[in-house]
Every structure is written in C-alpha cells, then in structure tokens.
Amino acid sequence: MPTVKEYVTLDDQRRRLKEGGFEETEAVSIEDVWENWVGGEEKRRVDGLEGLDEVEEWRLLARHYAVVWGWKGSGFEGWNSGRRGTNS
C-alpha cells in the first residue's frame, strides 16, 4: 500500500477522500465495526469458527484496517455513525 505512511489515521483517510472531491466522509476501524455494528448472534457464530486463538491478536489486526467512504449530495442525509472521535 503505497500511501500507508501518508494516511495513517482515520482522520487522514477522511481528508484523503475530501481532497478527492467528496463532500462528506466517514471512516471506522474494523475493530469498531466488530464492536458496534455486528450483532451478538453473529459474533457467537464467528467465535465458533476456527480462527485466531487470542482476542488481543484479533484486536491488533482489526485496528490496522478500516472502512472508509465518501459521498456527494444528499445520498446519506441524516447519517450518524456514532463516531466517538477517538478512532483516529
């Protein structure tokens, strides 16, 4: 990933999209997606699959990936991600 050193934080990723012409942007870490967007039933299902042995190992990996999106106009009017401002 050639730009990983330039866009280190979630705020950097949001800025990247704004510089690319998007009016509004959002970014969340995969850890945040898992903790706040995935329901309990799905978490239990995934926990039963063969995977990482350690929760801390998963958290470390999840902090290094993000979902970042942007939009123009009113396509996401009223959007509220519940961002707490600490995910940068």
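Quick note: the sequence shown uses our numbering, first residue 1, plus one each step. Every residue gets a Cβ at the ideal spot worked out from N, C-alpha and C, and that includes glycine. Just so it is clear, the structure is predicted and the values come from calculations on it, not from any experiment.
Cutoff 8 angstroms; reference residue i; Cβ partners in own chain excluding five residues on either side
i, result
"residue 54", "none"
Top-ranked residue by Cα proximity to residue i, from the options
i, options, result
"residue 74", "22, 50, 46, 5", "22"
"residue 8", "61, 41, 72, 66", "66"
Beta-bridge partners of residue i, as assigned by DSSP
i, result
"residue 29", "66"
"residue 71", "24"
Three-way DSSP call (helix, strand, coil) for residue i in this model
i, result
"residue 19", "helix"
"residue 86", "Bear in mind that the predicted position of residue 86 carries a pLDDT of just 42, short of 50, making it unreliable; the figure below should be weighed with that in mind. Note: residue 86 maps to coil in three-state DSSP."
"residue 24", "strand"
"residue 108", "Absent from the structure is residue 108, since the part of the chain shown begins at 1 and ends at 88."
"residue 42", "helix"
"residue 35", "helix"
Chain-order list of residues whose beta-carbon lies under 7 angstroms from that of residue i (same chain, five-residue window excluded)
i, result
"residue 34", "62"
"residue 13", "7, 27, 66, 68"
Sequence-distant residues of the same chain with beta carbon closer than 6 angstroms to residue i, five excluded per side
i, result
"residue 117", "What the structure shows of the chain is the stretch from 1 to 88, and residue 117 is not part of that stretch, so it cannot be assessed."
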